[in-house]
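Residue numbers (this note's numbering), protein chains in the order written: chain F, 19 to 207; chain B, 19 to 207.
We treat Cβ as the ideally placed atom computed from N, Cα and C, and that holds for glycine.
This report concerns only the one structure given below.
Protein chains: 2
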Amino acid sequence: MAGKRIPKKERQRLLKEKLKEDPFLTDEELTEMFNVSIQTIRLDRLELGIPELRQRIKKVAEKNYTKVRSIGGTEIVGELVDLSLGKNGISILETNTDMAFEKTNIIRGHHIFSQAETLAMAVIDADVALTGVANIKYKKPVYAGQKLIAKAQVTRVRSNKYFVHVFTYVGQEQVFRGKFILVSVDQEL
Amino acid sequence: MAGKRIPKKERQRLLKEKLKEDPFLTDEELTEMFNVSIQTIRLDRLELGIPELRQRIKKVAEKNYTKVRSIGGTEIVGELVDLSLGKNGISILETNTDMAFEKTNIIRGHHIFSQAETLAMAVIDADVALTGVANIKYKKPVYAGQKLIAKAQVTRVRSNKYFVHVFTYVGQEQVFRGKFILVSVDQEL
């Protein structure tokens with residue numbers, strides 16, 4: 019894309035459009051998209067009145083927390099950016115070095131698991147539930163700084179059992195999948 | 019056991035013996051064992067120069083952290099009270115209300131998972147490893163304040179794959195089990 023610079027006005031129009039399609043694009047991703055510096059992207063956002071990624075995520079997430087039944091909003095690991103109770107949901111977790119192994123900068127597995135498990139709890143349409151069983155697979159190492167997008171789908175409900183699949187991505191690449199069976203706690207586990 | 023009080027001297031002798039067999043007995047458990055008040059147990063410990071549980075756990079754990087290869091000591095969730103590298107290990111996690119669901123006081127699943135997964139990593143005899151696959155089952159709800167004892171066993175090693183089983187108990191009761199396959203990271207996941 020070298021040399022293929024778009025005039026500022028056109029770039030800002032496209033930037034708005036791109037962020038409307040996917041509000042969770044990072045400044046780095048926009049930088050690559052438009053072949054400009056990160057400072058240019060930040061100035062564009064400032065001029066257009068578009069807040070930084072963290073704020074955009076929080077804003078979208080806020081309206082979802084009130085829908086959740088089985089888990090407190092603050093108990094969800096990551097930000098809940100989409101939720102259709104009893105059906106599906108999406109959460110985003112921005113990783114950092116605190117979550118990584120010192121030696122390798124690879125994110126520790128249980129952080130990825132926690133995001134998936136709490137998302138699975140968030141999507142089910144029940145008051146109180148616990149995880150009964152989980153079958154999980156880590157597919158690719160995740161590095162500190164990468165943004166984890168977890169997508170959960172309720173696949174089946176049978177009396178007090180909820181079957182939830184969670185797929186977690188970095189960009190387009192799947193890094194984790196978990197199959198959970200959640201159980202209402204008023205029943206025996 | 020009501021009325022079956024043992025003379026102080028005999029009780030202190032037994033208490034020392036019991037704590038030698040199992041240094042991780044809580045004051046509450048000792049209270050029930052000897053049918054005395056918790057103050058009595060605390061005084062007994064003071065007179066015998068036996069530190070409180072947390073200190074006892076830390077002291078036993080210290081010498082194990084230096085043995086661990088694949089994970090930093092501070093990255094282990096819980097205290098590593100026993101370790102035979104490449105074979106087995108035990109960790110203890112004292113739970114509290116911060117780890118529990120507000121609604122039910124039940125410990126959130128991912129804390130139990132994190133203890134098990136980091137213990138599984140600690141026991142294997144490899145420099146750097148990641149969890150590839152895990153199959154887990156939560157068997158009983160765990161309540162804030164309960165002490166989780168996780169026991170890991172390396173069941174098989176095949177080239178760069180390590181099979182580890184973890185069983186977690188509250189007292190004598192199994193509350194969780196996890197089967198992990200860990201993979202050395204210099205190889206493909």
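Test item: CB-CB of residue i and residue j under 9 Å
i	j	result
Asn114/B	Gly189/B	no
Ala134/F	Leu200/F	no
Leu32/F	Ile59/F	no
Met154/F	Phe185/F	Checking the sequence, you will find Ile at residue 154/F rather than Met. No. Outside cutoff.
Leu66/B	Leu48/B	no
Ala152/B	Ala152/F	yes
Option in the options with minimal Cα separation from residue i
i	options	result
Gly150/F	Leu66/F, Ile108/F, Lys197/F, Phe119/F	Lys197/F
Asp143/F	Gly91/F, Gly104/F, Leu71/F, Val95/F	Gly104/F
Val95/F	Tyr180/F, Gln192/F, Leu166/F	Leu166/F
Gln171/F	Val182/F, Ser177/F, Asn178/F	Val182/F
Ala118/B	Glu93/F, Ala140/F, Arg60/F, Glu112/F	Glu93/F
Lys85/B	Asn178/B, Glu50/B, Ile24/B, Asp145/B	Asp145/B
Phe194/B	Lys157/B, Thr173/B, Ser202/B, Val175/B	Lys157/B
Ile75/B	Arg63/B, Thr49/B, Glu112/B, Met51/B	Glu112/B
Glu35/F	Ile68/F, Glu46/F, Thr58/F, Phe185/F	Ile68/F
Leu64/F	Lys121/F, Gln30/F, Lys155/F, Tyr187/F	Gln30/F
Asp40/F	Pro25/F, Lys121/F, Ile108/F, Gly91/F	Ile108/F
Thr44/B	Pro25/B, Asn106/B, Gln73/B	Gln73/B
Leu71/B	Phe42/B, Glu47/B, Ile110/B	Phe42/B
Ala147/F	Leu61/F, Asp62/F, Tyr180/F	Tyr180/F
Asn53/F	Asp62/F, Arg23/F, Leu61/F	Arg23/F
Thr83/B	Val141/B, His129/B, Glu191/B, Met51/B	Strictly speaking, residue 83/B in this sequence is Tyr, with Thr absent from that position. Per the Cα distances, Val141/B.
Tyr187/F	Ile110/F, Glu50/F, Asn106/F	Ile110/F
Asp62/B	Gly91/B, Pro25/B, Glu191/B	Pro25/B
Neighbour-count burial assignment, residue i, 16 or more Cβ in a 10 Å radius
i	result
Gln205/F	Only weak support exists for where Gln205/F lies, its pLDDT of 43 falling under 50; the coordinates are left without a value.
Ile56/B	exposed
Ser88/B	buried
Ser177/B	exposed
Ala20/F	No answer about Ala20/F holds up, because its pLDDT of 48 lies below 50 and its placement is not dependable.
Lys27/F	exposed
Lys121/B	exposed
Ser202/F	buried
Asp116/B	exposed
Ile173/F	Inspection of the sequence shows that residue 173/F is occupied by Thr rather than by Ile. It counts as exposed.
Residue i beta carbon near the ligand ZN (any heavy atom closer than 8 Å)
i	result
Arg174/F	The ligand ZN is not among the ligands present in this structure, which contains no ligands whatsoever.
Closer than 9 Å to chain C by CB, residue i
i	result
Glu93/F	Considering every chain present, this structure includes no chain C. Its protein chains are F and B.
**Request:** Report yes or no: do three or more beta-carbon pairs, one from the stretch 155-162 of chain F and one from the stretch 124-132 of chain F, lie closer than 8 Å?
**Result:** yes
**Message:** If the cut-off is 8 Å on Cβ atoms, which residues from the stretch 126-137 of chain F count as contacting chain B, listed in chain order?
**Reply:** Arg126, Gly127, His128, Phe131, Ser132, Glu135, Thr136
**Prompt:** Does the stretch 97-113 of chain F come close enough to the stretch 60-80 of chain F that 3 or more CB-CB pairs lie under 8 Å?
**Reply:** yes
**Prompt:** Going along the chain, which residues of the stretch 138-157 of chain F sit with their C-beta nearer than 9 Å to a C-beta in chain B?
**Reply:** Met139, Asp145, Val146, Leu148, Thr149, Gly150, Val151, Ala152, Asn153, Ile154, Lys155, Tyr156, Lys157
**Request:** Can you give me, in chain order, the residues of the stretch 79-91 of chain B that have a beta carbon less than 8 Å from any beta carbon in chain F?
**Result:** Ile89, Gly90
**Interface positions of the stretch 100-123 of chain B facing chain F (Cβ-Cβ less than 8 Å), listed along the chain** = Phe119, Glu120, Lys121, Thr122
**Request:** Could you list the residues in the stretch 159-188 of chain B with a C-beta less than 7 Å from some C-beta on chain F, going in chain order?
**Result:** Pro159
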